[in-house]
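Residue numbers 9 to 226, in this note's numbering, belong to the letters of the sequence shown in order. The beta carbon of each residue, even a glycine, is placed where N, CA and C say it ideally should be. Since we're looking at a predicted model, the values are computed, not measured. Encoded as structure tokens, the structure appears first; notes follow it.
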Amino acid sequence: MNSADLGIRNKLMKLSVWKALQPLFSLQCVFAFDLALASELPFGTRPLPQGTTVSILQGLDDLEPASAALKFAAMPRSIIKRRLTRGDAVAVAFVGKELAAYTWVTFTEVWISEIRRTLVLREDEAVQFDTLVMPRWRGRGLQYGLTRPVLQNLAQREYRRTLAWVNLFNQRSMKNQIRQGKRRISTIISVPALNLVWPQNNPPDAPLILLSAEPEFI
Ligand SMILES: CC(C)(COP(=O)(O)OP(=O)(O)OC[C@H]1O[C@@H](n2cnc3c(N)ncnc32)[C@H](O)[C@@H]1OP(=O)(O)O)[C@@H](O)C(=O)NCCC(=O)NCCS
């Protein structure tokens, strides 16, 4: 076995040890996107399903269309109402009349349940959370296709950067963060049962602000 093979084998062994410990540990990668680059994002590496449309809904005026769209994903109206009241936006992708994917964006703080911490955002930051591609539509490039217009919309509104967190073992989403040109800025190791959190490589210029208190509503 040559040294490259040995390196890969060691890496895989390390990953499988972490994976086995998953019920105890959480490994979340935090990605940042510099919104100045949003206009340069290419359409995507593969064409979206024919008839895909994306709309961005925000504010209580959009409660009815958002509830109608997200009922296909069984999201309770009370959660949608709370999020829209807080000022969150939701982007929904439809293929014809069928909900194919959605993603939420929030602007002040967000509860990261996997590590039991609140991430506090700066004024010019937004965070993308609760992203779902409906099972029937997975593997068709929708996560990228939905995120691109969201990033471009935020850039037009003069936000400077977006953040997102992804479980290290969610290979599909990890691939898409990189494909979208996002930069991994930190890996957060945590032991939720013991309320312990270690952010690794926390960027010194704009460190992540993590609080243990839960926000008023999640
Ligand atoms: C993660 C998720 C959003 C990816 O969405 P998506 O639009 O299907 O992503 P893509 O079509 O770009 O697929 C990403 C990669 O996973 C692969 N993939 C997607 N679905 C797959 C499937 N069912 N089986 C095997 N591979 C699959 C794709 O081939 C692609 O890899 P490639 O570029 O090497 O071909 C979606 O799987 C999902 O909603 N998962 C559950 C919720 C979740 O994890 N949300 C994200 C939290 S950060």
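* Asked: When DSSP labels each residue in this structure, what does Ala214 get in the three-state scheme?
  -> coil
* Pick out the complete beta strand (DSSP E) segments inside the segment 32-65, 3 residues or longer, and give them in chain order. => 34-42
* To do: State the Cα-Cα distance for the pair Asn225 and Arg90, rounded to the nearest angstrom.
  => The residue asked about is misnamed: residue 225 is Phe in this sequence, not Asn. About 8 Å.
* Does the beta carbon of Tyr110 fall short of 7 Å from some heavy atom of ligand 1? -> no
* **Continuous alpha helix (DSSP H) stretch holding Leu8: start and end** => Residue 8 cannot be examined here, being either before or after the span of the chain that is shown, 9 to 226.
* Asked: Thinking C-beta only, is Asp138 closer than 8 Å to Thr111?
  -> yes
* Taking the alpha-carbon positions, what's the Gly147 to Asn184 distance? -> 11 Å
* From which residue to which residue does the alpha helix (DSSP H) around Pro73 run? -> 71-78
* Straight-line Cα distance separating Glu122 from Val205 -> 10 Å
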